[in-house]
Each structure stands twice: as structure tokens, then as C-alpha cells.
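In this text, residue positions in the sequence shown follow this note's numbering: the first is 1, and each later residue adds one. Virtual Cβ for every residue (Gly too), placed ideally from N, Cα, C. To keep things clear, I will list the structure first and then write my remarks on it.
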Amino acid sequence: MMNILDHTKPHQHFFEEMTRIPHGSFHEKEYSDYLVTFAKERGLRYVQDDMYNVIIYAPASQGYEDHEILLLQAHMDMVCEKNKDVEFDFEKEPLQLYIEDGWLKAKGTTLGADDGCGVAAMLAILDGDMPHPPLECVFTVQEEVGLCGALHLDGKYIHAKRVINLDGGGEVSTCTTSAGGANVISQRTFMREPISDPVYRLSVTGLSGGHSGGEIHREKGNANKLLARTLYAIAKKEAVSLIHVEGGMKDNAIPREAFASFSCKLDGAAIQEIVNQVEQEMKKELEFSDPNVKVSLTKGEGREALSVEDSLDYLRFMTLLPHGMHHHSMSIEGLTTASMNAAVVTCDENTIMVNCSVRGALESYIDTICEEIELLADAFGFTHVSSLSGMEL
Ligand SMILES: [Zn+2]
1 MMNILDHTKP HQHFFEEMTR IPHGSFHEKE YSDYLVTFAK ERGLRYVQDD
51 MYNVIIYAPA SQGYEDHEIL LLQAHMDMVC EKNKDVEFDF EKEPLQLYIE
101 DGWLKAKGTT LGADDGCGVA AMLAILDGDM PHPPLECVFT VQEEVGLCGA
151 LHLDGKYIHA KRVINLDGGG EVSTCTTSAG GANVISQRTF MREPISDPVY
201 RLSVTGLSGG HSGGEIHREK GNANKLLART LYAIAKKEAV SLIHVEGGMK
251 DNAIPREAFA SFSCKLDGAA IQEIVNQVEQ EMKKELEFSD PNVKVSLTKG
301 EGREALSVED SLDYLRFMTL LPHGMHHHSM SIEGLTTASM NAAVVTCDEN
351 TIMVNCSVRG ALESYIDTIC EEIELLADAF GFTHVSSLSG MEL
């Protein structure tokens, strides 16, 4: 087979070799076996697990024996996409490489540079004479379909405390940290009682939202918090009975919209005045980050509501919930190291649920924030469950 790449350069050699062996997600066995052969031929210790993850261990180069073990990681599976008009069998055929304007491409299909580049770089290091500490090279499967290989990998095969992950980023950026996360779901059950006061509907809209990992430091408005703030401002003047409340769609997104129905003795004009005042405050606070925030009051519907006490408990809980960035790095500018997103509020016939997404670069940050939420939940009669979550970036 004709070479497209320069095989005197090890990483190019190993990359092109890889494109000749099918390695889409769930179909990594053949490439996994290639890695095993690679290790055997070089007398390197290896493990191939039952999912076809492979770890190759390389002893330290001379003079590097007392260095700490380093783990290198890349995933062997690629995303298999092809143009509609192309006939191609990803389970059997080698990719058809070509170079155009200095860029390596594959004819009508994806190239698998993600994460073929990482895999090729690791093989080049294992095969070459670049000095290195003891290495644990981890090649995982099924990364693109949910990090399945990495999740399945048995920790007993790994001894390194330092990791360089060779995925994403590209040559011009380096990922030096990542965040773990947890969700705290607080739930409160209640009884409904008949109401006779006027019913209103309140909405907070116009916010720009964003990813709760990547955008949490940008001072964006959180619709759930702003809705609760408006309702609480009303409740300070006159008792409020909640009929319904909801906001946010996904736990990894800053909520853009939130809605509530409630009953209250005050007439529409009096409530509107409070709403206007709170909205003005918000517009000023969010002048540069979320200038289109809008709080609207309309007539609502409903015959039964939570008691005034239960409604107040919810509003106090939401008001005290710590939202947004909690900590940022003092050594890397612009890096958030702990945050919390009061992400999703749902309500049905007799329960209100609040899902908070917590992120932190340190486990202790995550634990502390979770504890804060749990204590608040306890204080206002909510039950809570916390679960560690794998965070997608
Ligand atoms: Zn990748």
C-alpha cells in the first residue's frame, strides 16, 4: 500500500498504520490486538482487558529510574462518519488518505485524528529513544460513546499518580486541569390547599445561559435564582402561595428561563411595582453579562396551592442557595476551581425538586459545596440525594 505520510517520522508512521486498521467505537479488537503485538515485539509488559483496553508498561530510560511513573492516555476508537454519496465499510476498509493544501484528510470519511494522533504519539515514544520516566501507556476503547472503556478499566493496573491525557486540545493548547462534579437533588413534598386570592404568573426570560462548567464565571443570570428573588420580594410584602414553579432544562446548563404561578392578596398593580423594581435591579447588575433579562407578570390560573409556610420554605431555600463561581485559581488567570449551578427546578402535584450541579477541581471543594446545599435542604424540610457525576467537558 502506498504511503501518504513520511514513515521516517515515527508518529506519522504509526498514525498511517492505524488508519489501515478499522477502529470505530465498539470495533476496536483488531487495533487492540495490533497494540498487543506491538508490545510483544518490543518485549514490553502489557495488559489487554476483556473490553480490549490495553496498557503497555515501559521501564524508565537509563538515568530516569528514580523518576515518578507517568501515565500517558489516549483512546483508540474513532468517530465513523462518511459523506452520503460515499460507499465505505468502516468495519473492514482502510481509510483513504490524501493531502490537500498541506492538510491530511480521508476521502469522504472522518480521519480519526481524534484520537489517532494521541495513540501515534504514545507509540512513537514507546518505540523511540526519547528519554522518559517509567511509563504506563493506557489505550482505551469506546471513548466517543461515553468513556465506556475508561470506566471499565480496572484501577489495579495503574500505579502512576501523574497523567498526561493526549486527547482534544490539539498541539496549540494544553489541558492542565479538569473538574470533577456532583449533583445534589433536593426534594420537598407538600399538600395543596384551596385558594381564593388572585392568581398570577411570573416569568424570568431573556437570559443567555451557557455551559455551567465553561461559563459559570461570566456573571450570567440564573433564572431559577432570579425568579425566587422576585417571588421573595413579593412575599416580604404579602403572603405568597405557590401553585407551580419550574426552570432550567439540563443540569449542565445555566438556566435561561423560569416560571411560577402563585396566589397573593395584593392587587396586580402592587405586585407589578415590586416586579419592576426587582427587574430594574437585575438589569443594572447584569448590564454587561445578561442585559436582556426580563421579568413579566400576567394573570394566572389555579385553584389549589402550597401553604404559605411551604411556599416560604422553598423561597428561602432558593434565596440562600449558593449559585455561581465559588473559587478561582490564584495561579492560572480565568480558571474557575469550584462552582455551583442551581440548574433545574421541577414541580408536580405534590413535590418540588431542585437539581444542583456542583463542580470542583478539588474533591474537598465539591464536598464542601454539597454539604452547604444539604444543610440548607435540611433546614427547610427538603430531603436530598447527592451523586458523584462524570463530567463531560
Ligand atoms: Zn478524543
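For residue i, the first and last residue of its enclosing beta strand (DSSP E)
{"i": "Gln-272", "result": "Premise fails: Gln-272 lies in the alpha helix (DSSP H), 268-285, not in any beta strand (DSSP E)."}
{"i": "Val-344", "result": "336-347"}
{"i": "Glu-193", "result": "192-194"}
{"i": "Gly-181", "result": "180-189"}
{"i": "Asn-165", "result": "162-165"}
{"i": "Phe-262", "result": "258-264"}
{"i": "Ser-203", "result": "199-205"}
{"i": "Met-353", "result": "351-360"}
{"i": "Ser-241", "result": "240-247"}
{"i": "His-327", "result": "324-328"}
{"i": "Val-413", "result": "Look at the range of the chain in this structure, 1 to 393, and you will see that residue 413 is not part of it."}
{"i": "Ala-58", "result": "54-58"}
{"i": "Val-295", "result": "294-299"}
{"i": "His-75", "result": "70-75"}
{"i": "Ile-99", "result": "97-100"}
{"i": "Leu-406", "result": "The requested residue 406 does not occur in the structure, where the chain is confined to residues 1 to 393."}
Beta-carbon gap between residue i and residue j smaller than 9 angstroms
{"i": "Ala-361", "j": "Ser-387", "result": "no"}
{"i": "Phe-190", "j": "Asn-355", "result": "no"}
{"i": "Arg-201", "j": "Gly-300", "result": "yes"}
{"i": "Thr-368", "j": "Ile-216", "result": "no"}
{"i": "Val-295", "j": "Ser-241", "result": "no"}
{"i": "Met-353", "j": "Ile-185", "result": "yes"}
{"i": "Asp-127", "j": "Arg-45", "result": "no"}
{"i": "Ile-254", "j": "Asn-222", "result": "yes"}
{"i": "Gln-48", "j": "Ala-120", "result": "no"}
{"i": "Gly-181", "j": "Val-358", "result": "yes"}
{"i": "Cys-137", "j": "Leu-71", "result": "yes"}
{"i": "Lys-237", "j": "Ala-270", "result": "yes"}
{"i": "Cys-80", "j": "Gly-116", "result": "no"}
Element boundaries [alpha helix (DSSP H), containing residue i]
{"i": "Asn-224", "result": "223-237"}
{"i": "Gln-12", "result": "10-19"}
{"i": "Ala-253", "result": "Element bounds for Ala-253: n/a, residue is neither H nor E."}
{"i": "Val-36", "result": "29-41"}
{"i": "Arg-316", "result": "308-320"}
{"i": "Ala-456", "result": "Beyond the ends of the chain as shown, which are 1 and 393, falls residue 456; an answer cannot be given."}
Member of the options whose CA lies at the smallest distance from the CA of residue i
{"i": "Lys-82", "options": "Phe-14, Met-76 and Glu-93", "result": "Glu-93"}
{"i": "Gln-73", "options": "Pro-134, Phe-139, Val-86 and Leu-123", "result": "Phe-139"}
{"i": "Tyr-232", "options": "Gly-168, Met-318, Asn-276 and Ser-307", "result": "Met-318"}
{"i": "Leu-227", "options": "Lys-283, Ala-239, Phe-259 and Asp-129", "result": "Phe-259"}
{"i": "Leu-123", "options": "Phe-88, Asp-251, His-23 and Lys-9", "result": "Lys-9"}
{"i": "Gln-277", "options": "Asp-348, Ile-164 and Arg-229", "result": "Arg-229"}
{"i": "Trp-103", "options": "Leu-5, Ile-69 and Val-293", "result": "Leu-5"}
{"i": "Ser-61", "options": "His-7, His-132 and Val-86", "result": "His-132"}
{"i": "Arg-316", "options": "Asn-224, Glu-28, Lys-40 and Ala-121", "result": "Asn-224"}
{"i": "Ala-305", "options": "Ser-178, His-244 and Ala-39", "result": "His-244"}
{"i": "Phe-382", "options": "Ala-239, Arg-188 and Glu-374", "result": "Arg-188"}
{"i": "Gly-118", "options": "Asn-165, Asp-251 and Phe-88", "result": "Asn-165"}
{"i": "Asp-129", "options": "Lys-236, Thr-176 and Pro-59", "result": "Pro-59"}
{"i": "Glu-374", "options": "Pro-322, Val-86 and Gln-272", "result": "Pro-322"}
{"i": "Leu-95", "options": "Cys-148, Arg-359, Pro-22 and Val-172", "result": "Pro-22"}
{"i": "Lys-40", "options": "Ala-270, Lys-237, Ile-56 and Glu-30", "result": "Ile-56"}
{"i": "Ser-339", "options": "His-211, Ser-261, Gly-63 and Tyr-64", "result": "His-211"}
{"i": "Leu-151", "options": "Asn-53, Tyr-64 and Cys-80", "result": "Asn-53"}
{"i": "Glu-68", "options": "Asp-348, Lys-161, Gln-280 and Gly-247", "result": "Lys-161"}
{"i": "Glu-87", "options": "Leu-70, Lys-107 and Leu-71", "result": "Lys-107"}
{"i": "Cys-347", "options": "Gly-214, Phe-262, Lys-220 and Phe-90", "result": "Phe-262"}
{"i": "Glu-65", "options": "Lys-105, Lys-236 and Pro-134", "result": "Pro-134"}
{"i": "Asp-251", "options": "Lys-283, Asn-183, Ala-235 and Lys-284", "result": "Asn-183"}
{"i": "Gly-214", "options": "Ala-179, Ile-271 and Ile-332", "result": "Ala-179"}
{"i": "Tyr-365", "options": "Cys-80, Val-385 and His-326", "result": "His-326"}
{"i": "Leu-320", "options": "Arg-303, Thr-298 and Glu-372", "result": "Glu-372"}
{"i": "Leu-293", "options": "Lys-220, Ser-173 and Ala-235", "result": "According to the sequence as given, residue 293 is Val; it is not Leu. Checking every option, the nearest Cα to that of Val-293 belongs to Lys-220."}
{"i": "Glu-28", "options": "Asp-85, Ser-331 and Glu-91", "result": "Glu-91"}
* If we count Cβ pairs, one from each stretch, closer than 8 angstroms, do we get three or more for the segment 18-34 versus the segment 102-122? -> yes
* Cβ pair count under 8 angstroms reaching 3, the segment 335-355 against the segment 150-158 -> no
* Asked: Looking at C-beta atoms only, is the number of pairs between the segment 367-383 and the segment 206-217 that lie closer than 8 angstroms three or more?
  -> no
* Complete runs of the beta strand (DSSP E) confined to the segment 110-151 [at least 3 residues] -> 135-140
* Counting Cβ pairs, one atom from each stretch, are 3 or more of them under 8 angstroms apart for the segment 31-41 and the segment 86-100? -> no
* Determine contact between the segment 283-294 and the segment 308-325, defined as no fewer than three beta-carbon pairs at a distance below 8 angstroms. => no
* **Validate contact between the segment 262-276 and the segment 187-202 using beta carbons, cut 8 angstroms, 3 pairs** => yes
* Is there contact here, the segment 66-80 with the segment 134-149, by at least three beta-carbon pairs under 8 angstroms? -> yes
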